[in-house]
Every structure is written in C-alpha cells, then in structure tokens.
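**Student:**
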Amino acid sequence: MIRTLRGMKDILEDENQKYLYFIKTCTQIVNRYGFEFIGTPILEDTALFKRSVGESSDIVSKEMYQFIDKGDNDVCLRPEGTAGVVRSFVENKLDRVGGVHKFYYHGPMFRYERPQKGRFRQFHQFGVESFGVDSYLEDVLIIKMIKDILDTFSIKYTLLINSLGCDLCMPPFKKRLVAFLDTLDALCEDCQKRKRTNPIRVFDCKNNNCQELLKPSPRLNENFCQKCESDFSNILKLLDALGISYQVDPNLVRGLDYYSKTAFEFVSSDLGAQNAVAGGGRYDKLVEYLGGRKTSAIGFAIGIERILQMIEVPKKGRVGYYFGALCDEAIDVVFKEADKKRATDKVTLSYDVKSLKAHLKAADKQDARYCAIIGEDELLNKEIWIKDLSEKTEVKERFE
RNA sequence: GUGGGAUUAGCUCAGUUGGUUAGAGCACUGGUUUGUGGUGCCGGGGGUCGCGGGUUCGAAUCCCGUAUCUCACCCCA
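Read in order, the letters of the first sequence correspond to residues 5 to 404 in the working numbering.
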C-alpha cells in the first residue's frame, strides 16, 4: 500500500468541513479590514527563503524541502508565506506604485520537522500582509483582526508581545550585547552559535543556566530609540483601550530573522507543546532586502491545523432530498425527477430498487430532509410520494 | 536530530506461561413475511496480527532490524 509521506495527511470528512468553514469565516473578517486575496507559488527559488527568513533560522538551516529541479534550479517548497508575498510585491513593482497594499493568503507550507501534536511536515496557514503603512496603528489593527478571528471561534488565548527595535537602535544594541556575551564562558553550544548569527535569540534560550547568566545582560527594552519606545508604549495603550489583554514578553524574539519592532504571538493552553496558534510582526526592512524600495510592512499567520483542533462547525441538520425507486420501471423516472428537483435543492438518489423501508433508512443515514419515492402506484398516478423526515409528514407531488 | 510509548477487522480495543480455525463492541450490509427511517431481534461480509529477518516442533505472543503513528525535547504557525 502506498501511504502519505511522514508528517503529511489528507483532509477529509470532519476536517474538511472545519477547514472550509474556517477559511470562509477568516476571509469575511479580513475583507472587512480591506485585505484582498493573493496567490503565490508553493515552489520558489531557494535564495528567496535564505535571504528573507534568514540563514540563521532553524527553518532555513535544517527544515527546508530543498532540491534541484530538472532545469538545474535550486528550488524550495515554501516553509512560510511572507517571503513569497513580498517577492510578488517587489516583482510586480507595487513598491514603485506606492500607496497601501493589503493581502491575505492561505495554503500549504512545508517544513521537514519531526511530527508531533500540532506539527506536521505539510501544514496550512492563513495569513495577511500589509504594505505601505508605517503607523503603529496598523500594528494594533493587525492584532485586533486576529482577536476578531479567535473570538469568532470562541478560542481562548494569551497574547504575547514584544518590540525588537529598529535599524536605529538595534545595531548598537547588538554590538553591546555581543560584547557582554563574550565575557561569558559557560553559555550553551546553541547560544555560542547565536552569538555569531543572531545574538538577540539568546534571550529565547530555554537553558536555565543561560538564562541565569543573562540576568545582568543589557536588555532590548532599555535600549530602544525614542520612536521605538513611544510606538511600543502607544501600542500597549491602545490595546488597553480596546480591552485586549496581553503580556509583554521581553524574551519573545521569534525564529524568523526578518522581524523588526513589533513582534507578537497568540498562544493557547489547549494545544499541547506546540502552543502558538498565530504569530507575526513588523518587517520594515524586508522589502528593501529583497530588492524593492523601502516599504513598511507587517503581517501575521495562523496555523490552520492548530486552530482547527479548537473549533466546532455548527451542525447542519437535515437538508435536501433523497430519491428512490420501488420497482425497475420507476428508476428512469426517478432519475429524471431527481434531476429536475436539483435545480433548487440538494438531491441524491439511489440506483437500486429497494423496499420502502430500506430507502427510508438510506435517506435517514444521509441526513436528507425529504425522502422521495416512486413505486408502482405513483407511476400509475403520476405522482411522487415525499416524506419529511423531520416533521414525519407525507405529501404527494404530481409529475409529468 | 534526541528520547519515551504504541502498531491485531473501517474505528475503539481484548487476546493467559508461545499451543488447534485470532475475538468483542461500534460501524457496514441483508432480513425481520402486505409500501414507512432513527433505538428492538436474527443473520452476513470483513484480518498475511505494520513490514523484514531470527529462535522454536509451533510465534499476534520471545529476540533483532525497519517503517509509521504518538508524546516530549528542539523549534514554530
């Protein structure tokens, strides 16, 4: 038997109902915020992800589905959605057009990881990207939008938020931080590596000893420039005013290198170890970094499989018609009448001649609202016998 | 990449110290005598016991390997 690859799965039955319901609901919400659909390829040039997500990230350094195609191109299944959208934004010269551009997307992402609860090698994200808005208000808008989505599905969450500083305050801070780290000998292996590649990620280290050693370290939030400082406090004030509760987490650094300033994560305790249900932040440098004109940008992504664990689809109840025949002569008539009814209703039919009882059972099993039957009597009188399976009432309809 | 647990029917699981033809519940399917569904009763189909080796007269059961699932580390959505 040929099976799905490790960490991949089919979407069927219960899950596809949830999936479609989720996408539909999210789309409605983000449309209200002025976001339009964008579709980008699943396969992209490997260089795109190396440059945007960052070589120091786990995603690029060990989780990419990367291969050489028949044309000798180094290509990659996308591990996340932002890089492709930004590439498209630049390639289509929207940075030159100027103005504001807001997109949403959804679809499969690929990361070669060890599967566990809430973590798959092919998984799906719903995300948005907003280009051309510099104001901190946009950061709040994005967070509010996620809150709207989570609230719609009655999902409980904790919002973790941090600021990573900007071009002005980050470089000097990094220098100071590295100088401090150089005085420490006992840092773990990973942190030694981080020191060279992306030093602020040491704050994210789970090693207790490292956290202990880092206590006297210079801190990000004590080294913001004025703009970063005021933007961040304005965001928090506005969140307060909107009644959105949050926890400032100075160690929230995030694994993708392109974030700057606002970074946030929505976590839920109902998810197990992989508890991030949505995450995102501002990435004001990325457009320029991918060859475009400097453009402010911010976005987020929701992990669909993770959120689907927590949502319920409203029950549908009985709907539509089930058609069946009681004798051979009626089958063709049933086929025709079912087809007519399909102009206005959901209709399924049985091709087998069965007893009335068997047809009723089948209709019931399919959750049909009406069971429509033609037998010898009906054929003679040119009528269809129809039973409403919810109301238990019966009527006869004429046909020609 | 590292560690723990698991794998027997479509699903959830029994299966004794290794011993005849591997079981149950649910699901599926048919019947229950005149054309009335969900919940009664009776019947039926469905398993190379994850896969590959080994030990043994004999393996679902013991040993080795391997795959997958699962949970955690790590990382993230």
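No residue lacks a Cβ here, since even glycine has one placed at the ideal position from N, Cα and C.
With a cut-off of 8 Å, do at least 3 Cβ pairs link the region 78-94 to the region 220-234?
**Tutor:** Segments in contact, no.
**Student:** Note down, one range per segment and in chain order, each beta strand (DSSP E) of at least 3 residues found wholly within the region 132-194.
**Tutor:** You should have 162-167.
**Student:** Do you know whose CA, among S167, G324, A342, I311, lies nearest S158's CA?
**Tutor:** Cα-wise, what sits closest to S158 is I311.
**Student:** If you reduce the DSSP assignment to three classes, tell me which class T397 lands in.
**Tutor:** Three-state DSSP puts T397 in a strand.
**Student:** Classify C142 as buried or exposed, calling it buried when 16 or more other Cβ atoms lie within 10 Å of its own Cβ.
**Tutor:** Checking the sequence shown, residue 142 turns out to be Glu, not Cys. Under this definition E142 is a buried residue.
**Student:** According to DSSP, simplified to helix, strand and coil, what is D18?
**Tutor:** Three-state result, D18: helix.
**Student:** Which residue marks the beginning of the alpha helix (DSSP H) containing K320, and which one marks its end?
**Tutor:** Unbroken run through K320: none, as it is neither H nor E.
**Student:** May I have the straight-line CA-CA distance separating Y374 from L353, to the nearest angstrom?
**Tutor:** Approximately 11 Å, taken between the alpha carbons.
**Student:** Can you pull the DSSP bridge partners for D78?
**Tutor:** Partner(s): I72.
**Student:** Can you check which of these residues, C195, L224, T29, K199, is closest to K210 by C-alpha distance?
**Tutor:** Selected option, being the one with the closest Cα: C195.
**Student:** If you draw a straight line from the alpha carbon of I377 to that of G11, how long is it in whole angstroms?
**Tutor:** Roughly 46 Å separates the two Cα atoms.
**Student:** Compute the Euclidean distance between the alpha carbons of D208 and R258, then round it to the nearest angstrom.
**Tutor:** Taking the straight line from one Cα to the other gives about 8 Å.
**Student:** Contact defined as beta carbons within less than 8 Å: I believe Y161 pairs with V281. What is the distance between those atoms, to the nearest angstrom?
**Tutor:** So it is a contact: roughly 6 Å between Cβ atoms.
**Student:** Output the distance between the C-alpha atoms of M5 and D14, rounded to the nearest integer angstrom.
**Tutor:** Those two C-alpha atoms are separated by around 15 Å.
**Student:** Would the beta-carbon of P220 fall within 8 Å of that of R180?
**Tutor:** No, they are not a contact pair.
**Student:** Would you identify the three-state DSSP class for K386, choosing helix, strand or coil?
**Tutor:** Reduced to three states, the DSSP call for K386 is coil.
**Student:** Do you know whose CA, among E316, L188, I308, G284, lies nearest Q215's CA?
**Tutor:** The shortest C-alpha separation from Q215 is found at L188.
**Student:** Are at least three pairs of beta-carbons, each pair with one atom in the region 324-341 and one in the region 383-391, less than 8 Å apart?
**Tutor:** Result yes; three or more Cβ-Cβ pairs closer than 8 Å.
**Student:** For S99, which residues of its own chain have a beta-carbon under 7 Å away from its beta-carbon, when the five flanking residues on both sides are left out?
**Tutor:** For the sequence presented, residue 99 should be read as Asp rather than Ser. These residues qualify, in order along the chain: F93, V291, G296, R297, T299.
**Student:** Output needed for G276: all residues of its chain with C-beta closer than 7 Å, excluding positions within five of it in sequence on either side, in chain order.
**Tutor:** Correct list, in chain order: K121, G122.
**Student:** For A366, I'd like the list of residues in its chain whose CB is within less than 8 Å of its CB, leaving aside the five on either flank, ordered along the chain.
**Tutor:** Within the same chain, A366 has close Cβ partners Y326, G328, S354, K358.
**Student:** Can you check whether the CB of G321 is closer than 8 Å to the CB of A305?
**Tutor:** Not in contact: A305 and G321 (Cβ atoms no closer than 8 Å).
**Student:** According to DSSP, is P203 part of a helix, a strand, or is it coil?
**Tutor:** P203: helix per DSSP, three-state reduction.
**Student:** Which of helix, strand or coil does DSSP assign to C209?
**Tutor:** Coil.
**Student:** Going by C-alpha to C-alpha distance, which of D244, I204, D288, K289 sits closest to L256?
**Tutor:** Ranking the options by Cα distance to L256, first place goes to I204.
**Student:** Have a look at Y140 and N225 and give me their C-alpha separation to the nearest angstrom.
**Tutor:** Roughly 17 Å between the two C-alpha positions.
**Student:** Helix, strand or coil: which one does DSSP assign to T50?
**Tutor:** In the structure shown, T50 sits in a helix (DSSP, three-state: H, G or I).
**Student:** Can you check whether the CB of Y263 is closer than 8 Å to the CB of L168?
**Tutor:** Yes, Cβ-Cβ distance for L168 and Y263 is below 8 Å.
**Student:** In the DSSP assignment, the beta strand (DSSP E) including I378 goes from what residue to what residue?
**Tutor:** Counting along the chain, the beta strand (DSSP E) containing I378 begins and ends at 374-378.
**Student:** Apply the 10 Å Cβ neighbour rule to T266 and answer buried if 16 or more other Cβ atoms are within range, or exposed otherwise.
**Tutor:** So T266 ends up on the buried side.
**Student:** Roughly how many whole angstroms lie between the Cα atoms of L145 and A245?
**Tutor:** So the two alpha carbons sit approximately 13 Å from each other.
**Student:** By Cβ distance, which residues of its chain are closer than 8 Å to F130, with the 5 residues on each side in sequence left out?
**Tutor:** If we look at F130 and ignore the five residues flanking it on each side, its Cβ neighbours are F26, I27, C30, Y108, Y109, H110, A305, I306, I308.
**Student:** Is it true that the CB of M68 sits closer than 8 Å to the CB of P2?
**Tutor:** The structure shown does not extend to residue 2, since the chain spans only 5 to 404, so no value can be given for it.
**Student:** Looking only at its chain, what residues have a beta carbon closer than 6 Å to the beta carbon of N96, apart from the 5 residues adjacent to it on each side?
**Tutor:** Taken in chain order, the list of residues that qualify is empty.
**Student:** Go through its chain and collect everything with a Cβ distance to P112's Cβ below 6 Å, but skip five positions before and after it.
**Tutor:** Closer than 6 Å at Cβ, skipping near neighbours: Q126, H128.
**Student:** Look at N150 and D253 and say whether their C-beta atoms are less than 8 Å apart.
**Tutor:** Note that residue 150 is Ile in the sequence shown here, rather than Asn. Contact: no.
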